[in-house]
Amino acid sequence: MNHKRVLRLAVTVAATGALAAGMTMTLTSTASAGTTLKASAAEKGRYFGAAVAGQKLSDNAYVTILNREFNSVVAENDMKWDATEPQQGRFNYTGGDRLVAHAQANGMSVRGHALLWYQQEPGWAQNMSGSALRSAMINHVTQVATHFKGKIYAWDVVNEAFADGNSGGRRDSNLQRTGNDWIEAAFRAARVADPGAKLCYNDYNTDGINAKSTGIYNMVRDFKSRGVPIDCVGFQSHLGTSLSSDYQANLQRFADLGVDVQITELDVMGGGNQANIFAGVTRACMNVSRCTGITTWGVRDCDSWRGSDNALLFECNGNKKAAYTSVLNALNAGPAITPSPTTPGPTTPGPTSPPPTTPPPTTPPPTTPPPGPEGCTASVSLNSWNGGFVASVKVTAGSAGTNGWNVSVTLPGGASVTNTWSATASGSTGTVRFTNVNYNGRLAAGQVTEFGFQGTGSGAGLTPTCTAS
Ligand code: G2I
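If you count by our numbering, then the sequence shown holds residues -15 to 453, one letter each, in order.
#1: Return the bridge partner residues of Ile247 from the DSSP annotation.
#2: Within this structure, are the beta carbons of Gly482 and Gln246 separated by less than 8 Å?
#3: Ala306 to Val176, Cα distance in whole Å?
#4: Since Val79 contacts Gly38 with CB under 8 Å, what's their CB separation in whole angstroms?
#5: Going by DSSP, what residues sit across from Thr451 in a beta bridge?
#6: With Asn313 as the anchor, note down where its alpha helix (DSSP H) starts and where it stops.
#7: Is the region 276 to 295 touching the region 377 to 389 in the sense that three or more CB pairs, one from each, lie closer than 8 Å?
#8: Less than 8 Å separating the beta-carbons of Thr279 and Asp251?
#9: Within its chain, find whatever has a CB closer than 7 Å to the CB of Thr331; leave out the 5 residues flanking it on each side and keep chain order.
#10: From Ala314 to Ala407, what does the alpha carbon distance come to, in whole angstroms?
#11: Select from Ala428, Gly445, Cys184, Thr419 the residue whose C-alpha is nearest the C-alpha of Gly436.
#12: Residue range of the beta strand (DSSP E) that Ala233 falls in?
#13: Give me the Cα-Cα distance between Lys304 and Ala233, rounded to the nearest whole angstrom.
#14: Does the distance from the CB of Gly242 to the CB of Lys208 come in under 8 Å?
#15: Check the DSSP bridge columns for Lys182 and list the partner residues they point to.
#16: CB of Trp289 to nearest heavy atom of ligand 1: below 7 Å?
#17: Regarding Tyr188 and ligand 1, is the C-beta to nearest heavy atom distance less than 7 Å?
#18: What first and last residue would you give for the beta strand (DSSP E) that runs through Ala109?
#19: Who are the near neighbours of Glu168 in its chain, counting only those whose CB is closer than 6 Å to its CB and skipping five residues on each side?
#20: Can you have a look at Ala5 and say buried or exposed, based on whether 16 or more other CB atoms are within 10 angstroms of its CB?
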């Protein structure tokens, strides 16, 4: 398939500037003045990432920009199936490990790309079908996610499984022909292998509300309703000369299903409208509280798969382009991810797995919920970089549900909380107590809600304790 041609054809609606119109501002505006992409994104609780091709890590000029501007990386090719399992059952993690080591040494988080994709299947898998392929692909997911366990912020578990055009259905592939449930089987295997990684579905030509994005939306809604583990949707955003007017609305409708959204492979046709489009995408992410980060598919124009499109934020000589400045300004102008007190906050996502079934009581149920530590539990996942971190905290109600909750966290010396969303913090250093806000205090038995906070210093070793009321 000529991927590039398809995506150019699909991006046809010119609507620059229309993005800002009509959107609901549920977010408070706090202008800031970061001077790098990563600092400005981090001030708003987001990451800013780049796709990295392995050999570029030995290019000093490239690495200088990467380390200065980006706090997240994704392997452009090194974690794909053909790279990691070139022969069946023989795994090669050389390139992936090198990128993870670079990320860890430089305070960057890592997106994993991609466990299953119909392209870049190794030759041996291309020749397989049916149950042999199904078990080979589940084994691949299990082995690779286990190898990188604990090191990946989010995995693209399945990439590009939906068809272009108006069908809204799945793309044909040997993976698809193993049965329509191949995607959920992959997500379940990935969850078991690395329970700490966010699990994403990733695709392109989903840059607005269209048949393809709606097909994906319906799949995510179905997964959430049946407890299939999915945490995020990646919007590749390989863009042409215009941006759909409903780009932000599309991100928001996915976020409203209770998943995070991320811009995962952003690049834009060079030319007069490039800076505006980059800014429009950045603004859209800033305006959606569950949009957790943006990744550009490369660093400099000449690193890009798009050849002479000049599709990225830096010239080949390393100079910043107008598009760079427009992204930086949009990050700095973006609202912080704190819900405004006058508007309802994001809806609490439903339980990610079915709530535990309660056996019929043998004694009359208590009239008041049991107090104390068994009332709720809290777990934290961290996105850290040199000098700072974002902590996402999951609160799970115990068997009695909650009317409200508090989570206490003791920060390491020197660390302090600078920004909190979906909870109210008391204190900023030492032991900090987070209390529910009005829309997420009441949880049914087994229900999960999330809040987050950003801090300076290290967030290592946080062990939250939860108290229900
Ligand atoms: O096609 C652009 C992207 C669309 N979404 C999924 C991404 O994974 C995909 O990335 C591109 C890489 O940027 C290319 O670098 O995926 C291509 C493969 O479909 C990558 O191209 C491959 C070439 O096809 C191979 O011939 C080459 O050996 O890159 C390989 C390594 O340079």
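Just so you know, even glycine gets a beta-carbon here, dropped at the ideal spot from N, CA and C.
Quick answer:
#1: As a position in the sequence shown, residue 247 is number 263, starting the count at 1. According to DSSP, which records beta bridges pairwise, Ile247 is partnered with Phe219, Ile278.
#2: In this structure the chain extends from -15 to 453, so residue 482 is not present and cannot be described.
#3: As a position in the sequence shown, residue 306 is number 322, starting the count at 1. As a position in the sequence shown, residue 176 is number 192, starting the count at 1. Roughly 44 Å separates the two Cα atoms.
#4: Residue mapping note: residue 79 aligns to position 95 of the sequence shown, counting from 1. Residue mapping note: residue 38 aligns to position 54 of the sequence shown, counting from 1. Inspection of the sequence shows that residue 79 is occupied by Gly rather than by Val. About 4 Å separates the two Cβ atoms, so the contact holds.
#5: Counted from its first residue, the sequence shown places residue 451 at position 467. Answer is Asn390, bridged to Thr451.
#6: Numbered from 1 along the sequence shown, position 329 holds the residue referred to as residue 313. Element bounds for Asn313: 306 to 317.
#7: no
#8: In the sequence shown, residue 279 corresponds to position 295, counting from 1. In the sequence shown, residue 251 corresponds to position 267, counting from 1. Not closer than 8 Å, so no.
#9: Counting from one through the sequence shown, the residue named residue 331 turns up at place 347. In this predicted model, Thr331 has a pLDDT of only 35, less than 50, meaning its place in the structure is not dependable enough to derive any value.
#10: For the purposes of this step, residue 314 is taken as residue 330 along the sequence shown, with counting starting at 1. For the purposes of this step, residue 407 is taken as residue 423 along the sequence shown, with counting starting at 1. If I take the Cα positions, the gap works out to 26 Å.
#11: To locate residue 436, count along the sequence shown from 1; it is residue 452. If we check each option's Cα against that of Gly436, Thr419 comes out closest.
#12: If you number the sequence shown from 1, residue 233 lands on position 249. Note, Ala233: premise wrong, no beta strand (DSSP E); alpha helix (DSSP H) at 231 to 239.
#13: As a first step, residue 304 is located in the sequence shown; it is residue number 320 there, counting from the start. As a first step, residue 233 is located in the sequence shown; it is residue number 249 there, counting from the start. Taking the straight line joining both Cα atoms gives about 30 Å.
#14: Counting from 1 along the sequence shown, the entry for residue 242 is found at position 258. Counting from 1 along the sequence shown, the entry for residue 208 is found at position 224. A contact, by the Cβ cut-off of 8 Å.
#15: Position 198 of the sequence shown, counted from the start, is the residue given in the question as residue 182. Its beta-bridge partners are Ala138.
#16: For this step, residue 289 is matched to residue 305 along the sequence shown. Because some heavy atom of ligand 1 lies under 7 Å away, the Cβ of Trp289 counts as near it: yes.
#17: Taking the sequence shown and counting its residues from 1, the one referred to as residue 188 is at position 204. Tyr188 Cβ: within cutoff of ligand 1.
#18: Position 125 of the sequence shown, counted from the first residue, corresponds to residue 109. Here Ala109 belongs to no beta strand (DSSP E); instead the alpha helix (DSSP H) covers 107 to 110.
#19: Numbered from its first residue, the sequence shown carries residue 168 at position 184. Cβ within range, chain order: Val212.
#20: Indexing the sequence shown from 1 puts residue 5 at position 21. Because Ala5 carries a pLDDT of 33, less than 50, the predicted location of this residue cannot be relied on, and the following value inherits that uncertainty. Result: exposed.
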